[in-house]
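Q:
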Amino acid sequence: MPDKTSKVDMDKIVSLCKRRGFIFPSSEIYGGLGSCWDYGPLGVELKKNIKDAWWRAVVRERDDMVGIDASIMMHPQTWIASGHVEGFSDPLVECKACHLRWRATDFDRGSCPDCGGELTEPKLFNLMFKTFMGPVEDEASVVYLRPETAQGIFVNFDNVLATSRKKLPFGIAQIGKSFRNEITTGNFIFRTREFEQMEIEYFVKPGSDEEWFNYWVKERFSWYLKLGIKEESLHLRRHGNEELAHYAKDCYDIEYLFPMGWAELEGIANRGDYDLVQHAKHSGKALSYFDEETGERYTPYVIEPSAGVDRSALAFLINAYDEELAEGETRVVLHFNPELAPIKVAILPLSRNEKLAPLARDVYTKIRRYFMTQYDDAQSIGRRYRRQDEIGTPFCVTIDFQSLEDNQATIRERDSMAQIRLPIDDLVKTLQAKLSGESFASQPLWTTKTAEASE
Ligand code: GAP
79 MPDKTSKVDM DKIVSLCKRR GFIFPSSEIY GGLGSCWDYG PLGVELKKNI
129 KDAWWRAVVR ERDDMVGIDA SIMMHPQTWI ASGHVEGFSD PLVECKACHL
179 RWRATDFDRG SCPDCGGELT EPKLFNLMFK TFMGPVEDEA SVVYLRPETA
229 QGIFVNFDNV LATSRKKLPF GIAQIGKSFR NEITTGNFIF RTREFEQMEI
279 EYFVKPGSDE EWFNYWVKER FSWYLKLGIK EESLHLRRHG NEELAHYAKD
329 CYDIEYLFPM GWAELEGIAN RGDYDLVQHA KHSGKALSYF DEETGERYTP
379 YVIEPSAGVD RSALAFLINA YDEELAEGET RVVLHFNPEL APIKVAILPL
429 SRNEKLAPLA RDVYTKIRRY FMTQYDDAQS IGRRYRRQDE IGTPFCVTID
479 FQSLEDNQAT IRERDSMAQI RLPIDDLVKT LQAKLSGESF ASQPLWTTKT
529 AEASE
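Residue numbering for the sequence shown is 79 to 533, as defined by my numbering.
The following block contains the structure:
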């Protein structure tokens, strides 16, 4: 196993993301747009894998959950009922000298963090983005870009209940973009103005809400651990009363140890019956549940685990990053859980020799039907291994001259850099087993001949 050398900082992650095609500054050719980022070919795969892992865990593998995909723009009354028009604000202060604006809660000094100038008194600033629907730009046509996906779930409570015929307790999950006109952004994709959320609204009988609240806190915490987040980098923090959102009875944050310190990855809130009661009041529609067992009608309470896709992507990148001393040089490696790795398998002909290409291409065509696969024949095999390590590819399959004679290939594992040789016909089933967590060393096909040795 390689030796560990150093710890990660944010600049290294930003630079790797740009260099390898995970994340680019938005509209970079025009100088970029503050706090907006574009996911490149590898970033989009990573994000998709995170969302798929979440969807599988909270929808597909459960009987008590269904999904929806609501629209981003909703009836403006939604945001009056939910309390966002009135209360979704941050205190903003402005520097009287340089006119930079700051979120007052971001620091406790009374002067401008940039130039030391005197600050104005805090003013409340609503974080919702406003736009106009249709050709007339007047007050009547104002709509908001949703600041959370949650409200799309609450307003569909009755539709989903009636069509899915679920009984309490049950939940609705949704993944989608949210927008907040944050006063201060930063730390790469940690706080941006456009981001993606993965939210669950889990409806329960009042009185059972604390039990379900504790259940979801544990469930969500263990999801990150199962996907490889190190235990020492994850903790729970309960909100104090003064910190609770306007709708919350109780809330835990799952916090990750980012390079800038502990910060929220996901919040799990007990929203009580706040949202359904508010929407019932403002819409005039009953949003309640008839309990056939007890013959009672009541408004369910709601437990809300709410995670950020972008923050999760950042945490998984930081968690996976390592610099190791291997074979006398430093290699950068992303130790992603295979489920999250953007590329699962790389097919590498030992060289660009034209004799190797047909077999290597043939193997690539077969393998790519099963796993996200990349074909790479540029530069030396050693450099290609390093490149795949740096993007977190769990397995490299090398086709060498011996392969033309014995129809065998070499698999190299990213973390241990160990290699095994096996028949090409066994590649798919072996890779399937290894990607699902089977130990690499347990593979009975060890041989002393390796791709690097035969280079
Ligand atoms: N519906 C509840 C809700 O939206 P939140 O704590 O405001 O709660 C939930 O947001 C999650 O959404 C956060 O834990 C974070 O992962 C993500 N998130 C919130 N604001 C964000 C921002 N400006 N940039 C990136 N992610 C953000």
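By construction, the Cβ of each residue, glycine as well, lies at the ideal position given by its N, Cα and C atoms.
#1: Using only alpha-carbon positions, find the residue among Ala148, Asp440 and Leu426 that is nearest to threonine 277.
#2: Could one say the Cβ of histidine 313 lies closer than 9 Å to chain D's Cβ atoms, at least one of them?
#3: Check whether the Cβ atoms of glutamate 491 and phenylalanine 518 sit closer than 9 Å, and answer yes or no.
#4: Counting only runs of 3+ residues fully inside the region 310-383, write out the beta strand (DSSP E) ranges in chain order.
#5: If we ignore side chains and look at the alpha-carbon of each, how far apart do arginine 98 and asparagine 431 end up?
#6: Between which two residues does the alpha helix (DSSP H) containing phenylalanine 235 stretch?
#7: Could you check the C-alpha separation between threonine 476 and serine 93 for me, to the nearest Å?
#8: Identify, in the order they occur along the chain, each residue of the same chain with its Cβ nearer than 8 Å to the Cβ of asparagine 485, setting aside the five sequence neighbours on each side.
#9: State the CB to CB distance for the pair lysine 308 and asparagine 397, rounded to an integer number of angstroms; the pair is presumed to be in contact (CB under 8 Å).
#10: My guess is that isoleucine 267 and leucine 392 are in contact by the Cβ rule of under 8 Å, so how many angstroms apart are they, rounded?
#11: Any chance the CB of threonine 263 is under 8 Å from a heavy atom of ligand 1?
#12: Can you tell which of Leu505, Glu374 and Phe336 has the C-alpha that lies nearest to the C-alpha of aspartate 87?
#13: On the three-state DSSP scale, how would you describe threonine 263?
#14: Taking the alpha carbon of glycine 112 as the point to measure from, which residue in Lys255, Ala218 and Thr263 has its own alpha carbon closest?
#15: If the criterion is Cβ atoms closer than 9 Å, does the pair glutamine 452 and isoleucine 421 meet it?
#16: Assign phenylalanine 100 to one of three DSSP states: helix, strand, or coil.
#17: Measuring alpha carbon to alpha carbon, tell me which of Glu320, Leu120 and His360 ends up nearest histidine 153.
#18: Just tell me which of Tyr367, Arg224 and Ile158 has its CA closest to the CA of tyrosine 379.
#19: For the beta strand (DSSP E) holding proline 501, just list the boundary residues, first then last.
#20: Is it the case that the Cβ atoms of isoleucine 381 and alanine 358 are separated by a distance below 9 Å?
#21: By the three-class DSSP mapping on this structure, what secondary structure does cysteine 95 have?
#22: Just to confirm, are isoleucine 469 and phenylalanine 100 a CB contact at a threshold of 9 Å?
#23: Ignore the nearest five residues each way along the sequence and tell me which others in serine 520's own chain have a CB closer than 6 Å to its CB.
#24: On the three-pair Cβ rule with 8 Å, is the region 160-174 touching the region 186-197?
#25: In terms of alpha-carbon separation, which member of Leu418, Leu428, Pro436 and Arg499 lies closest to glutamate 123?
#26: Tell me which same chain residues have a C-beta within less than 7 Å of the C-beta of leucine 205, skipping the five on either side of it?
#27: Could you tell me the alpha carbon to alpha carbon distance between glutamate 321 and leucine 343, rounded to whole angstroms?
#28: Reducing DSSP to helix, strand and coil, say where arginine 465 ends up.
#29: Within the present structure, is the beta-carbon of aspartate 388 separated from the nearest heavy atom of ligand 1 by less than 8 Å?
#30: For isoleucine 158, report the span of its alpha helix (DSSP H) as first-last.
#31: Please find out if some non-hydrogen atom of ligand 1 comes closer than 8 Å to the beta-carbon of leucine 343.
#32: Can you tell me which of the three DSSP states lysine 208 falls into?
#33: Which full runs of the alpha helix (DSSP H) of 4+ residues lie inside the region 116-198, going along the chain?
#34: I want to know whether the region 238-255 touches the region 132-143 - three or more CB-CB distances under 8 Å.
#35: Mark arginine 447 as exposed unless 16 or more other C-beta atoms lie within 10 angstroms of its C-beta, in which case mark it buried.
#36: Which stretch, first to last residue, makes up the beta strand (DSSP E) that contains aspartate 400?
A: Answer, in terms of the structure:
#1: Residue 277 sits at position 199 when you count from the first residue of the sequence shown. Sequence inspection shows glutamate at residue 277; the threonine mentioned does not correspond to that position. Taking glutamate 277 as reference, the option from Ala148, Asp440 and Leu426 with the minimal CA-CA separation is Ala148.
#2: Judged by its chain identifiers, the structure shown contains no chain D, having just a single protein chain.
#3: In the sequence shown, residue 491 corresponds to position 413, counting from 1. In the sequence shown, residue 518 corresponds to position 440, counting from 1. Yes. Within cutoff.
#4: 312-316, 328-336, 339-350, 367-369 and 374-376
#5: On the sequence shown, residue 98 is found 20 positions in, with the first residue counted as 1. On the sequence shown, residue 431 is found 353 positions in, with the first residue counted as 1. Using only the alpha carbons, I get a separation of about 26 Å.
#6: Position 157 of the sequence shown, counted from the first residue, corresponds to residue 235. Start and end: 235-242.
#7: Start at 1 with the first residue of the sequence shown, and residue 476 comes out as number 398. Start at 1 with the first residue of the sequence shown, and residue 93 comes out as number 15. C-alpha separation (whole angstroms): 28 Å.
#8: Locating residue 485 in the sequence shown gives position 407, counting from the first residue. Cβ neighbours of asparagine 485 beyond the five flanking positions: Pro501, Ile502 and Asp503.
#9: Translated into positions along the sequence shown, residue 308 becomes position 230. Translated into positions along the sequence shown, residue 397 becomes position 319. That belief holds up - the Cβ atoms of lysine 308 and asparagine 397 are roughly 6 Å apart, short of 8 Å.
#10: Working through the sequence shown from its first residue, we reach residue 267 at position 189. Working through the sequence shown from its first residue, we reach residue 392 at position 314. 5 Å between Cβ atoms; contact.
#11: For the purposes of this step, residue 263 is taken as the residue at position 185 of the sequence shown. The answer is yes for threonine 263.
#12: Position 9 of the sequence shown, counted from the first residue, corresponds to residue 87. Checked all of Leu505, Glu374 and Phe336; the closest Cα to aspartate 87 is Phe336.
#13: What you label residue 263 is simply residue 185 of the sequence shown in a count that begins at 1. Coil at threonine 263, not helix or strand.
#14: As a first step, residue 112 is located in the sequence shown; it is residue number 34 there, counting from the start. Out of Lys255, Ala218 and Thr263, Thr263 has the C-alpha closest to the C-alpha of glycine 112.
#15: In the sequence shown, residue 452 corresponds to position 374, counting from 1. In the sequence shown, residue 421 corresponds to position 343, counting from 1. A contact, by the Cβ cut-off of 9 Å.
#16: For this step, residue 100 is matched to residue 22 along the sequence shown. Residue state, collapsed to three classes: coil.
#17: Taking the first residue of the sequence shown as position 1, residue 153 is located at position 75. The shortest Cα separation from histidine 153 among Glu320, Leu120 and His360 belongs to His360.
#18: As a working mapping, residue 379 is identified with position 301 in the sequence shown. Ranking Tyr367, Arg224 and Ile158 by Cα distance to tyrosine 379 puts Tyr367 first.
#19: Residue 501 sits at position 423 when you count from the first residue of the sequence shown. 497-501 is the extent of the beta strand (DSSP E) around proline 501.
#20: Stepping through the sequence shown from its first residue, residue 381 is reached at position 303. Stepping through the sequence shown from its first residue, residue 358 is reached at position 280. Contact: no.
#21: Looking up residue 95 in the sequence shown gives position 17. Note: cysteine 95 maps to helix in three-state DSSP.
#22: The residue given as residue 469 occupies position 391 in the sequence shown. The residue given as residue 100 occupies position 22 in the sequence shown. For isoleucine 469 and phenylalanine 100, yes; Cβs fall inside 9 Å.
#23: Residue 520 sits at position 442 when you count from the first residue of the sequence shown. Only weak support is given to the placement of serine 520: the predicted model assigns it a pLDDT of 47, under 50, and the question is left unresolved by the model.
#24: yes
#25: For the purposes of this step, residue 123 is taken as the residue at position 45 of the sequence shown. Selection Leu418, Leu428, Pro436 and Arg499 evaluated against glutamate 123 yields Leu418 as nearest (Cα-Cα).
#26: Within the sequence shown, residue 205 is the residue found at index 127, counting from 1. Once the five neighbours on either side are set aside, the close Cβ partners of leucine 205 are Phe166, Ser167, Asp168, Pro225, Arg258, Asn259 and Glu260.
#27: As a first step, residue 321 is located in the sequence shown; it is residue number 243 there, counting from the start. As a first step, residue 343 is located in the sequence shown; it is residue number 265 there, counting from the start. Rounded to whole angstroms, glutamate 321 to leucine 343 spans 16 Å at the Cα level.
#28: By 1-based counting over the sequence shown, the position of residue 465 is 387. In the structure shown, the three-state DSSP call for arginine 465 is helix.
#29: Reading the sequence shown from its first residue, position 310 is the one you call residue 388. Taking 8 Å as the cut-off, one finds at least one heavy atom of ligand 1 near enough to the beta carbon of aspartate 388.
#30: Taking the first residue of the sequence shown as position 1, residue 158 is located at position 80. Unbroken alpha helix (DSSP H) run through isoleucine 158: 155-159.
#31: As a position in the sequence shown, residue 343 is number 265, starting the count at 1. Yes.
#32: What you label residue 208 is simply residue 130 of the sequence shown in a count that begins at 1. Looking at lysine 208 - three-state DSSP - the assignment turns out to be strand.
#33: 119-133, 155-159 and 162-165
#34: yes
#35: Counting from 1 along the sequence shown, the entry for residue 447 is found at position 369. Exposed is the call here.
#36: Taking the first residue of the sequence shown as 1, we reach residue 400 at position 322. Note, aspartate 400: beta strand (DSSP E), 399-404.
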